[in-house]
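Residue numbers (our numbering), protein chains in the order written: chain X, 1 to 217; chain U, 1001 to 1943.
What follows is a short report on a single structure.
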Amino acid sequence: MASCAVLHLLVLVLPSIMLALTDANLEGDALYSLRRAVKDPGHVLQSWDPNLVDPCTWFHVTCDGDNRVTRLDLGNANLSGSLVPELGKLIRLQYLELYMNELVGPIPKELGNLKSLVSLDLYDNNLTGTIPASLSKLSNLKFLRLNGNRLTGRIPRELTKLESLKIIDVSNNDLCGTIPTSGSFSKFTEESFVNNSRLEGPELMGFVRYDAAGSCK
Amino acid sequence: MSVYFRSSGVFELGLAGILLVTILLICTTEGLNSDGQHLLELKNGLHDEFNHLQNWKSTDQTPCSWTGVSCTSDYEPVVWSLDLSSKNLSGTLSPSIGGLVNLRYFDLSYNEIKGDIPKEIGNCSLLQYFCLNDNQLSGEIPAELGKLSFLERLNICNNQISGSLPEELGRLSSLVEFVAYTNRLTGPLPRSIKNLKNLKTIRAGQNQISGSIPAEISGCRSLKLLGLAQNKIGGELPKELGMLGNLTELILWENQISGFIPKELGNCTNLETLALYANALAGPIPIEIVNLKFLKKLYLYRNGLNGTIPREIGNLSMATEIDFSENFLTGEIPTEFSKIKGLRLLYIFQNQLTGVIPNELSILRNMIKLDLSINYLTGPIPFGFQYLTEMVQLQLFGNSLSGGIPQGLGLYSKLWVVDFSDNNLTGRIPPHLCRHSNLILLNLDSNRLYGNIPTGVLNCQTLVQLRLVGNKFTGGFPSELCKLVNLSAIELNQNRFTGPVPPEIGNCRRLQRLHIANNYFTSELPKELGNLSQLVTFNASSNLLTGKIPPEVVNCKMLQRLDLSHNSFSDALPDELGTLLQLELLRLSENNLSGNIPLALGNLSHLTELQMGGNSFSGRIPPTLGLLSSLQIAMNLSYNNLTGSIPPELGNLNLLEFLLLNNNHLTGDIPKTFENLSSLLGCNFSYNDLTGSLPSVSLFQNMAISSFLGNKGLCGGPLGDCSGDPSSDPQKNTDAPRGRIITIVASVVGGVSLILIIVILYLMRRPTETASAIHEKENPYSESDIYFPLKDGFTFQDLSKSMSAVAGSYGYIAPEYAYTMKVTEKCDIYSYGVVLLELLTGKTPVQPLDQGGDLVTWARHYVRDHSLTIGILDDRLDLEDQSTIAHMISVLKIALLCTSMSPLDRPSMREVVLMLIESNEREGNLTLSSTYDFPLKDDISRK
């Protein structure tokens, strides 16, 4: 099954760069799109062979008994490039560890589909754009560490719905607006939000409208 | 008139001597005809690195002799053809191209031209052939292109052209071929396309074309090839496609096309290739598709197709490749496939097919690749498959196939990939699988195969992956494997292999994965393991390996995962283990390793899991372990002989989720820095000699009391106030378990059935799931809520055996039930008493007849003969503490009361609860919950 697409593509005219797209399962394809979107000078993704049936023998990938991806351990791996929306297809993923790399671009909103996710560690990269409100769908999320990036915009108030959330760290970014205080956010200290020069203090319930332009002009 | 000459003229102005020359030069330039001048202007816009255009000189009268230029042979020749393909030209395409009004043929392909396509191209009204492919052109397709009414071939593929296809394309009434793949085109296909009656080829794949395929496409009645793969085309396929009677290739894969496959496609009777894979098509495969009598390649995989495969599929007599994989097809595989004599590829994997693999497929002599994996297929692998001489790739994994593997498989065919994993196959591996030395992958994981690995496989020089996990294979480690130079993976986990791992393993220089866990491998690991410089994962856990971990293993510098747990490795760890800088998992638990934990382990900056529990490591915990900044899954150092204080540096492990240091001899306090362990989900410090107060953060204050039991003088949080003697304040000691007990009491008082109580009791004794996942079988009760101080060597499993009986069975039933057959509260009290007796004595409710037949009688006899003495209590419990014993004895009395022969003598449940509480208070330093958690106090001060 693995190499059938190679044959297809030989048959089907379109150029050879697409040889990479094969019939490995969807999770393998999703991870392979990440491989294609990043530069990997340390060759840590060398074993990511899209011709395999599943990505479970790829290094830095951990699967469960059903050969579904549960962990991606690529912290401090010298990767540059961007995240890909396809990562949102890894619906059994519990740990997405991509901290301390040189990743740029936005956090794909599709990460909100990772319904099993326990830990989202993207800290210390160069990510830009806003924190997707879709992350509020991650009902199992315990650890959300996005610190040390260049994220802008507000902290989505929807994140207060994350009941399991134990840690949020969005410090050292360029966020603006007020800090939500309701729901799971009631237990977080200021430390989670420091070094965002445009971030105003905790929202004063009933006094300041959350979406008032404020520092986000 | 070139810029160069004009400017030089200005420059030379005033220099009389040279003026004449200049004038002459200008005159010469003016001698070049206008086509030539346009071409020179074109040349000016280009960068001609290799001087291919050096003979383009202004001194010529006409450009007709210039490289790439062809003229008409008229009296006044005009340029009709310009072929500049593959000339390494860069720069831009000058608008002067529009001056070449007689141009019919223009080819600029395979250069590095940037910028826009000039709209002036619209002036070349005679243009028939226009090729700009394989450049770096950007911008949009100029609408002026629509003026080229003679244009027959337009090729702009492999550029970066954006924008949508202009409606004006519909005016190119002579167009035969339109090739625009691999650009950045957006927007829908223009409806004006219907006017292109001569168009035979549309190739516009790998763009971002959106919208649906317009029904107007039916106007392109000459169309033979429609290629729009890898776009963003949505909507449904128009039934008008069926009007394209000349169509031979319909290539629409990787789009977002939904809806059904229109049955009208069956009218495209000249179709040879139908590639609709990777879309969102639903519904059945239309039976009309079998009318496509010239169809060679049918690719419908990766859609949402359902229904059965039509039996008439056999009518596709010209087909060579059929792929229906990754759909939701049901039913059986039609035997009619066997009528398609030329079939070389048949993929139907990942559907919901049932039934057996038809034997008839064995007559498909030309079959090269067959993949029926991930279905619900049953029955045997057809015997005839072994005679398919062309077969290269045979994959049947993830079904429920049974029976043996045809033993002749590989004798007649040059097999390349064989994957039968995850089935119920039995018997042996066919001996000739690699007869023709082509086999690369052999995967037979998760079957019921047995016997040795045949020599033919062990000598298979081409083999890259050998995966035999989860079978019943026997024999020693096949040292012949080590001669296979291409081998990158040996996976033999969960079999019955025996004997030592031979030194020859060191010859497998390409080996990346070596998995031999859960076998019966014995003796020492050979030092030659150190030669495996490519090894990335090595799992030898759960074997019978002994001796030192060979220090040479530290030469395997690529190692990311090393699991040697559950063996009998002894002696100290090699210090250099800390040089395996790629290590992500290090599992050494449940061995007899001793000595210090190497300081250098702190260098493992990628380590996510460190399992060292259940060994005899001694000395201090190296503070360097606090440098393991990636450590996340767990640090488990439990059940060792570690001494000294806990290094405060461990507080830096801010990703760490589980920290297990229990059952050592650690002293001092839990460092204040542990307040920074913000990710901690669980910890265990129990059974050490720790003192002082718990870190004041809620994390520790809310942790289960069992995490801290059995220490000298820990206090704070669940252990009670630090101000006084922590051991003298039972009420505050037990906040955490009290809640649980109150729940039980409430249940009881509420009249909930006894079964519930038993279930709760049982649950109390079960380790939490998280904890058991982390510990595996290393220290099953350390994280649990069992508060019995067990002697070493007893496990949770031992304990739970006595709890396995069900209330209502013999031994639990009150005697009067035999006469009345009525269940009363008093019956429940009796049963409850039996449960208490079980807990206290560790004996099952049913006893040998000579012991009285049941536990109640046995206990009565014991008390009669020995009075209420310590000997009646479970000898697996730690009975050193007098207060524990006193309390257990008092509970035993309650139990005996509950099991009185006469229901009238038995107390009510409310009374039982009161007695239990009283018993606590009477014992003074015991806890409310101690009925179930007897020696809680004892635990705190045990050591």
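Ideal Cβ positions, reconstructed from N, Cα and C, are used throughout, including at glycine.
All values reported here derive from a predicted model rather than from experimental measurement.
Excluding the 5 residues preceding and the 5 following Ile107 (chain X) in the sequence, name in chain order all residues of the same chain whose CB lies nearer than 7 Å to its CB. The residues are Leu83, Leu122, Leu127, Gly129, Ile131, Pro132.
Beta strand (DSSP E) segment containing Ala1634 (chain U), residue limits: For Ala1634 (chain U), the enclosing beta strand (DSSP E) has its first and last residue at 1634-1636.
Looking only at its chain, what residues have a beta carbon closer than 6 Å to the beta carbon of Pro1284 (chain U), apart from the 5 residues adjacent to it on each side? Hits under 6 Å: Gly1307.
State yes or no: is the beta carbon of Val170 (chain X) nearer than 9 Å to at least one beta carbon in chain U? Taking Cβ atoms only, chain U never reaches closer than 9 Å to Val170 (chain X), which makes this a no.
Name, going along the chain, the residues of the segment 1601-1612 of chain U whose beta-carbon falls closer than 8 Å to a beta-carbon of chain C. The structure shown has no chain C; the protein chains it does contain are X and U.
Skipping 5 residues on each side, what residues in its chain have a beta carbon closer than 6 Å to that of Gly1793 (chain U)? Confidence is the limiting factor: at Gly1793 (chain U) the pLDDT is only 38, short of 50, which leaves the residue's position unreliable, though a coordinate-based value still follows. Taken in chain order, the list of residues that qualify is empty.
Counting only Cβ pairs nearer than 7 Å, list the residues of chain U close to Leu143 (chain X). It should be noted that the sequence gives Phe, not Leu, for residue 143 (chain X). By Cβ distance, chain U contributes Ser1679.
Check whether the segment 1705-1724 of chain U and the segment 1675-1694 of chain U are in contact - that is, three or more C-beta pairs closer than 8 Å. Yes, the segment 1705-1724 of chain U touches the segment 1675-1694 of chain U.
What residues are listed by DSSP as bridge partners for Lys39 (chain X)? The beta-bridge partner set that DSSP reports for Lys39 (chain X) consists of X:Ser80.
Any contact between the segment 1312-1329 of chain U and the segment 1290-1302 of chain U? By contact I mean 3 or more CB pairs, one from each, below 8 Å. With a cut-off of 8 Å on Cβ pairs, the segment 1312-1329 of chain U is in contact with the segment 1290-1302 of chain U, counting three or more such pairs.
DSSP three-state call for Arg71 (chain X): helix, strand or coil? Correct three-state label for Arg71 (chain X): strand.
On the three-pair Cβ rule with 8 Å, is the segment 1066-1083 of chain U touching the segment 1111-1120 of chain U? Under the three-pair Cβ rule at 8 Å, the segment 1066-1083 of chain U does not count as touching the segment 1111-1120 of chain U.
Could you give the first and the last residue of the continuous beta strand (DSSP E) run that contains Arg1153 (chain U)? 1153-1155 is the span of the beta strand (DSSP E), which, as asked, contains Arg1153 (chain U).
Taking contact to mean 3 or more Cβ pairs, one atom from each stretch, closer than 8 Å, check whether the segment 1238-1249 of chain U and the segment 1185-1196 of chain U are in contact. Contact between the segment 1238-1249 of chain U and the segment 1185-1196 of chain U is absent: fewer than three C-beta pairs spanning the two stretches fall below 8 Å.
Does the Cβ of Ser197 (chain X) have 16 or more other Cβ atoms within 10 Å, making it buried, or fewer, making it exposed? Looking at its Cβ environment, which holds fewer than 16 other Cβ atoms inside 10 Å, Ser197 (chain X) is exposed.
Assign Phe1337 (chain U) to buried or exposed, taking buried as 16 or more other Cβ atoms, counted over all protein chains shown, within 10 Å of its Cβ. Here Phe1337 (chain U) is buried, its C-beta having at least 16 other C-beta atoms within 10 Å.
Members of the segment 124-142 of chain X near chain U, C-beta cut-off 7 Å: Those would be none; no residue qualifies.
Which residues mark the beginning and the end of the beta strand (DSSP E) in which Gln1984 (chain U) is found? The requested residue 1984 (chain U) does not occur in the structure, where chain U is confined to residues 1001 to 1943.
By the 10 Å Cβ neighbour count, where 16 or more other Cβ atoms means buried, how is Phe1328 (chain U) classified, buried or exposed? Counting Cβ neighbours within 10 Å, Phe1328 (chain U) comes out exposed, since fewer than 16 surround it.
Buried versus exposed, by CB contacts within 10 Å (16 or more), Tyr32 (chain X): A residue is called buried once 16 or more other Cβ atoms fall within 10 Å of its Cβ, and Tyr32 (chain X) is buried on that count.
Contacting positions in the segment 176-207 of chain X - beta carbon closer than 9 Å to chain U: Here the close residues are Lys187.
Compute the distance between the beta-carbons of Glu97 (chain X) and Thr1608 (chain U), then report whether it is under 9 Å. In this structure, Glu97 (chain X) places its C-beta atom within 9 Å of the C-beta atom of Thr1608 (chain U).
Mind checking the segment 71-91 of chain X against chain U and listing, in chain order, the residues whose C-beta falls within less than 9 Å of any C-beta there? For the segment 71-91 of chain X, the set of positions with a beta-carbon nearer than 9 Å to some beta-carbon of chain U reads Arg71, Asp73, Gly75, Asn76, Ala77 in chain order.
Look at Ile1440 (chain U) and Leu1463 (chain U) and say whether their C-beta atoms are less than 9 Å apart. The answer is yes: Cβ separation under 9 Å.
Is there a Cβ from chain U that is less than 9 Å from the Cβ of Ser116 (chain X)? False, the Cβ-Cβ gap to chain U never drops below 9 Å.
Buried or exposed for Ala1280 (chain U), going by 16 or more other Cβ atoms inside 10 Å? By the Cβ neighbour-count rule, Ala1280 (chain U) is exposed, with fewer than 16 other Cβ atoms within 10 Å of its own.
Quick one: is Tyr95 (chain X) near chain U, going by C-beta distance under 9 Å? Taking Cβ atoms only, chain U reaches closer than 9 Å to Tyr95 (chain X), which makes this a yes.
Taking the runs of the alpha helix (DSSP H) that are 4 residues or longer, which of them lie wholly in the segment 1696-1724 of chain U? DSSP runs (the alpha helix (DSSP H)) wholly in the segment 1696-1724 of chain U: 1698-1701.
Around the Cβ of Val61 (chain X), are there at least 16 other Cβ atoms within 10 angstroms (buried) or fewer (exposed)? So Val61 (chain X) counts as buried.
Have a look at the DSSP bridge pairing and note the partners of Tyr1299 (chain U). Listed as beta-bridge partners of Tyr1299 (chain U) by DSSP are U:Ala1275, U:Asp1323.
Label Asn41 (chain X) either buried or exposed according to how many other C-beta atoms from any shown protein chain fall within 10 Å of its C-beta, with 16 as the threshold for buried. Reading the sequence as shown, one finds Pro at residue 41 (chain X) and not Asn. An exposed status is given to Pro41 (chain X), since fewer than 16 other beta-carbon atoms sit within 10 Å of its beta-carbon.
Which same chain residues end up closer than 8 Å to Leu1364 (chain U) when comparing Cβ atoms and leaving out the 5 residues on each side of it in sequence? A distance below 8 Å between beta-carbons, with the five flanking residues on each side excluded, links Leu1364 (chain U) to the following residues of its chain, in chain order: Phe1337, Ser1338, Ile1340, Lys1341, Leu1343, Leu1346, Leu1388.
Distance cutoff 9 Å, beta carbons only. Does Val69 (chain X) sit that close to anything in chain U? With 9 Å as the cut-off, Val69 (chain X) does not count as an interface residue toward chain U.
Sort out for me which residues DSSP pairs Glu1491 (chain U) with in a bridge. Note: Glu1491 (chain U) sits in a beta bridge opposite U:Arg1467, U:His1515.
Please confirm if Leu1655 (chain U) has its CB atom under 9 Å from at least one CB of chain X. At a cut-off of 9 Å between beta-carbon atoms, Leu1655 (chain U) makes contact with chain X.
List, from N- to C-terminal side, the alpha helix (DSSP H) runs of 4 residues or more that fit wholly inside the segment 1033-1069 of chain U. Counting only runs of 4 or more, we get 1034-1045.
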